[in-house]
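*Asks:* Numbering (our numbering), first residue to last: 233 to 691.
Built from N, CA and C at the ideal position, the CB exists for glycine as well.
A quick note: this is a predicted structure, and the numbers were derived from the prediction, not measured.
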Ligand SMILES: NC(=O)c1ccc[n+]([C@@H]2O[C@H](COP(=O)([O-])OP(=O)(O)OC[C@H]3O[C@@H](n4cnc5c(N)ncnc54)[C@H](O)[C@@H]3O)[C@@H](O)[C@H]2O)c1
């Protein structure tokens, strides 16, 4: 069959996989190929057990795979045969050299650009799908257009705003799609070609066009604002605990103000995920480079409050378990950084687990989707840690439960049964404020939530 467009995506991760699956599903007239250097990942994308868990993703992939959606490791062929190349490789925080711990590590991006340059035989549109520092496109253009009589490349920015856990819904019905390019005739033409893809299922007024630097910077700014809301409400949660105010009541009261809005105001043990921290630190680094010290410090504090919130949570467990958890069994309910994903990157659970293990607690971790990743993340610890699918078994014989992921499952458990199986006095630390605290208290638990006075059976 002849396809209208040949689209390639380099990087079959949490963004590349679902994004391309939805494009292929919605556009049967395009051929969409996703390539990756990770053979295991590609094998998993071609199997019945996809490498990532996202509600609805299995169905989308099942409809399109083999029809017009292909997963492969044949990078060179993919580059040669495509008109439009999305690049969705990882852009982690640099761990070495200048900017270590803050700047984005662009080595994977640059390698990809050079692979494209080596293999392309005709004009290509290169789409920045990864989150990148503002002005990366300028560097990319310089690399790609290094060969004077090679094919021409146009770089377009199309940052991804999907949230893990709701990726398919976000891709099928996005708040907006953003496409930025140079304002030259070639740039605008390339931008229109990318807009045309989304226009197959996204209404025209939700597809925003902008200059390329605005597009790059909008993604970093969106993540900074989202994380800032969490750090803002978390900072107030600490004040609630001192004053007997209740954070969920405060959040509700302020969220009804339409200027503030109600979303992203849930106090918790902290935000995680691969993006917020890295993108904010990258923003901080960029500001510093431009001599904007005050702006850098302002955004850096969002990350610092988050770290402080995680630390506070561990300290709270320790001090309420009579200043020692050594040898005590503590059950962690949830390890994913949020519900409906198996992703554990930068999950607050990692910090909490390591903190408790340092104090020699005996940890048992339960999570419906993230146990594989939890095992991998904690592979280096030599503490006492085990993994258990069944939350009831995880809680058996435990002194305390710490809820670290807001899985619906944990709301509906039989806490009377759990209480009976635990060591007395039994403690619950609800790091996501999802449980019925009064009811737990009446069952007999000592209950510690975020941003409200504890419910204790002793002074
Ligand atoms: N995860 C999210 O929720 C999210 C949301 C929006 C934007 N982003 C951004 O999207 C980008 C990708 O994120 P992700 O979560 O999908 O990362 P990921 O680590 O899950 O996937 C990246 C993939 O790229 C592959 N890769 C790296 N170099 C390659 C190369 N030279 N050739 C072929 N494949 C290569 C890796 O093997 C990996 O499978 C990042 O810049 C991230 O900031 C992520």
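Cutting at 6 Å between CB atoms, please list the residues of its own chain near residue 676, excluding the five before and the five after it.
*Replies:* Cβ neighbours of residue 676 beyond the five flanking positions: 651.
*Asks:* What number of angstroms, rounded off, separates the C-alpha of residue 575 from the C-alpha of residue 274?
*Replies:* Distance between the alpha carbons of residue 575 and residue 274 is about 18 Å.
*Asks:* Compute the distance between the beta-carbons of residue 301 and residue 252, then report whether it is under 8 Å.
*Replies:* Their beta carbons are under 8 Å apart, which means residue 301 touches residue 252 by this criterion.
*Asks:* For residue 246, is the beta carbon positioned less than 7 Å from some heavy atom of ligand 1?
*Replies:* Within the cutoff, so yes.
*Asks:* Assign residue 487 to one of three DSSP states: helix, strand, or coil.
*Replies:* Here residue 487 sits in helix by DSSP.
*Asks:* Beta-carbon within less than 7 Å of residue 384's beta-carbon, same chain only, minus the 5 sequence neighbours each way: which residues are those?
*Replies:* Result list for residue 384: 355, in chain order.
*Asks:* Can you tell me the Cβ-Cβ gap for residue 452 and residue 366, rounded? I've got them flagged as a contact below 8 Å.
*Replies:* 7 Å between Cβ atoms; contact.
*Asks:* Please name the residue, chosen from 464, 505, 245 and 471, that lies closest to residue 487 on a Cα-to-Cα basis.
*Replies:* Minimum Cα distance to residue 487 is reached at 464.
*Asks:* Using C-beta distances below 6 Å, list every residue in its chain close to residue 295, excluding the 5 sequence neighbours before and after it, in chain order.
*Replies:* The residues are 257.
*Asks:* Quick one, which of 329, 426, 656 and 588 has its alpha-carbon nearest residue 262's?
*Replies:* The shortest C-alpha separation from residue 262 is found at 426.
*Asks:* In three-state terms, what does DSSP make of residue 304?
*Replies:* Note: residue 304 maps to strand in three-state DSSP.
*Asks:* Roughly how far, in whole angstroms, is the beta-carbon of residue 369 from the beta-carbon of residue 428, given that I think they are within contact range, below 8 Å?
*Replies:* Between residue 428 and residue 369 the Cβ distance is about 20 Å, and since that is not below 8 Å, they are no contact.
*Asks:* Taking only runs that begin and end inside the segment 389–443, name each unbroken alpha helix (DSSP H) of 4 or more residues, in chain order.
*Replies:* Within the segment 389–443, the complete alpha helix (DSSP H) runs of at least 4 residues are 399–404 and 417–430.
*Asks:* Can you give the Cα-Cα distance for residue 410 and residue 590, rounded to whole angstroms?
*Replies:* Whole-angstrom Cα-Cα distance: 45 Å.
*Asks:* CB-CB under 7 Å to residue 400, same chain, minus the five flanking residues each way: which ones, in chain order?
*Replies:* Cβ neighbours of residue 400 beyond the five flanking positions: 250, 254, 286, 287, 288, 289 and 292.
*Asks:* Leaving out the 5 sequence neighbours to the left and right, which residues in its chain are closer than 8 Å to residue 352 when beta-carbon positions are compared?
*Replies:* Excluding positions up to five away in sequence, the list reads 311, 312, 382, 383 and 385.
*Asks:* From what residue to what residue does the alpha helix (DSSP H) around residue 373 run?
*Replies:* It spans 368–376 - the alpha helix (DSSP H) in which residue 373 sits, taken as one unbroken run.
*Asks:* Run through DSSP, which three-state label would residue 595 get?
*Replies:* The answer is strand: DSSP assigns residue 595 an E or B state.
*Asks:* What does the Cβ neighbour count give for residue 643, buried or exposed, with the cut at 16 atoms within 10 Å?
*Replies:* Exposed.
*Asks:* Under 7 Å from any heavy atom of ligand 1, does the C-beta of residue 269 make it?
*Replies:* At least one heavy atom of ligand 1 is nearer than 7 Å to the Cβ of residue 269, so yes.
*Asks:* Just to confirm my understanding: we take residue 610, look at its own chain, exclude 5 residues before and 5 after, and list those with CB closer than 7 Å. What are they?
*Replies:* The residues are 585 and 617.
*Asks:* Please report how far the alpha carbon of residue 639 lies from the alpha carbon of residue 603, in whole angstroms.
*Replies:* C-alpha separation (whole angstroms): 14 Å.
*Asks:* In terms of alpha-carbon separation, which member of 238, 512, 492 and 497 lies closest to residue 665?
*Replies:* The candidate whose alpha carbon is nearest that of residue 665 is 497.
*Asks:* Please report the Cβ distance between residue 512 and residue 455, rounded to the nearest whole angstrom; I am assuming they are in contact, meaning their Cβ atoms lie under 8 Å.
*Replies:* Indeed they touch by this definition, with Cβ atoms about 7 Å apart.
*Asks:* For residue 514, count neighbouring C-beta atoms within 10 Å of its own C-beta (all shown protein chains included) and say buried if the count is 16 or more, exposed if not.
*Replies:* Classification for residue 514: buried.
*Asks:* Ignoring anything shorter than 4 residues or poking outside the segment 567–646, list the alpha helix (DSSP H) runs there in chain order.
*Replies:* For the segment 567–646, whole alpha helix (DSSP H) runs of length 4 or above, ordered along the chain, are 580–590, 603–609 and 623–627.
*Asks:* Determine the DSSP secondary structure at residue 246, reduced to helix, strand or coil.
*Replies:* Residue 246 falls in the coil class under three-state DSSP.
*Asks:* Within this structure, are the beta carbons of residue 505 and residue 578 separated by less than 8 Å?
*Replies:* It is a contact, given that the beta carbons lie within the stated cut-off.
*Asks:* Hey, which unbroken runs of the alpha helix (DSSP H) at 4 residues or more fall wholly within the segment 463–547?
*Replies:* Segments of the alpha helix (DSSP H) lying fully in the segment 463–547: 479–487 and 508–521.
*Asks:* Taking all protein chains shown into account, do 16 or more other C-beta atoms lie within 10 angstroms of the C-beta of residue 631, making it buried, or fewer, making it exposed?
*Replies:* Under this definition residue 631 is a buried residue.
*Asks:* Is residue 361 near ligand 1, with its Cβ less than 7 Å from a heavy atom?
*Replies:* Residue 361: yes, Cβ under 7 Å from ligand 1.
*Asks:* Check whether the Cβ of residue 312 sits closer than 7 Å to any heavy atom of ligand 1, and report yes or no.
*Replies:* No, ligand 1 has no heavy atom inside 7 Å of this Cβ.
*Asks:* Taking a contact to mean a Cβ-Cβ separation below 8 Å, would you say residue 535 touches residue 509 in this structure?
*Replies:* Cβ atoms of residue 535 and residue 509: closer than 8 Å.
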